[in-house]
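Visitor:
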Amino acid sequence: MTERPSDRELADLVVHQGDEHAFRTLYRRHTPAVYQFVLRLVGGNAQEAEDILQETWMRAARGLEGFRWKSALRSWLTGIALNRVREMARKKKRSLVEVDAEWEIPAALEDPCQRLDLDRAIELLPPGFRTVLVLHDVEGFTHQEIGSRLGITDGTSKSQLHGARKAMRRLLNVGLETA
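Counting the sequence shown from 1 gives a position; this note's numbering is that position plus 1461.
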């Protein structure tokens, strides 16, 4: 039984030999996780997530030679994807850390019979809440790392996470009191 080549071995083949098979292997290995990460950040918009994913891989291919392996390849890819999501948000004039203090559960969800799954609840969060929740609770970033990536303080990250978790509890509990 042959061992599976490491990301670093595959990346070396891509960089030094232009090995297309090695690139496709990296793509297949990391795309599902990066896509899910982006999909959550863009509120479930599949087309936007696919566009960002493709741009992420194009940027990764161009920058692979300069990658220094101080982190896992997947972490680097999610960082590229996060930057791309932020760029698109700026173009759309919305901030990933902007939160509406008056945010409420959407009226369509006030039907006590309707329950939400976790992904749908994440999609309904305001962008600031959603971004910090995904980075912290799904991807495992620390508040310091989140602050550094988003250009916010650790305290703002913690506050956003607290608000996101509170909103998630409310969203996921819709209708449970009558069940």
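We put the beta carbon where it would ideally sit given N, CA and C, even for glycine.
Classify ILE1613 as helix, strand or coil using the three-state DSSP reduction.
Guide: ILE1613 falls in the coil class under three-state DSSP.
Visitor: Spell out a yes or no on whether the region 1617-1635 and the region 1528-1536 are touching, meaning 3 or more CB-CB pairs, one atom from each, closer than 8 Å.
Guide: At 8 Å Cβ cutoff, the stretches do not touch.
Visitor: If you run the structure through DSSP and keep just helix, strand and coil, what is GLU1464?
Guide: Three-state result, GLU1464: coil.
Visitor: Determine the direct distance from the alpha carbon of ALA1542 to that of GLU1470, and round the result to whole angstroms.
Guide: Whole-angstrom Cα-Cα distance: 23 Å.
Visitor: Closest to LEU1596 by CA distance: which of VAL1546, ARG1489 and MET1519 is it?
Guide: Of VAL1546, ARG1489 and MET1519, the residue nearest in Cα terms is VAL1546.
Visitor: Could you give the C-beta distance for VAL1599 and ARG1501, rounded to a whole number, given that I count them as a contact under 8 Å?
Guide: Indeed they touch by this definition, with Cβ atoms about 7 Å apart.
Visitor: Could you check the C-alpha separation between THR1492 and GLU1464 for me, to the nearest Å?
Guide: The straight-line gap from Cα to Cα measures roughly 21 Å.
Visitor: Quick check on the burial criterion: 16 or more other C-beta atoms within 10 angstroms. Buried or exposed for ALA1507?
Guide: So ALA1507 counts as exposed.
Visitor: Any idea what DSSP makes of ALA1522, helix, strand or coil?
Guide: Of the three classes helix, strand and coil, the one that applies to ALA1522 here is helix, per DSSP.
Visitor: Ignore the nearest five residues each way along the sequence and tell me which others in GLU1509's own chain have a CB closer than 6 Å to its CB.
Guide: Once the five neighbours on either side are set aside, the close Cβ partners of GLU1509 are VAL1503.
Visitor: Label GLN1603 either buried or exposed according to how many other C-beta atoms from any shown protein chain fall within 10 Å of its C-beta, with 16 as the threshold for buried.
Guide: Note on residue identity: the sequence assigns Thr, not Gln, to residue 1603. Exposed: under 16 other Cβ atoms inside 10 Å.
Visitor: What's the C-alpha gap between ARG1630 and SER1620?
Guide: Each residue's Cα considered, the two are about 15 Å apart.
Visitor: If you check the beta carbons only, do PRO1587 and ALA1550 fall under 8 Å apart?
Guide: Not closer than 8 Å, so no.
Visitor: Output yes or no for whether 8 Å exceeds the beta carbon distance between PHE1641 and THR1539.
Guide: The chain is shown only over 1462 to 1640; residue 1641 falls outside these bounds and no answer can be derived.
Visitor: State the DSSP-derived secondary structure class of PHE1498, mapped to helix, strand or coil.
Guide: Looking at PHE1498 - three-state DSSP - the assignment turns out to be helix.
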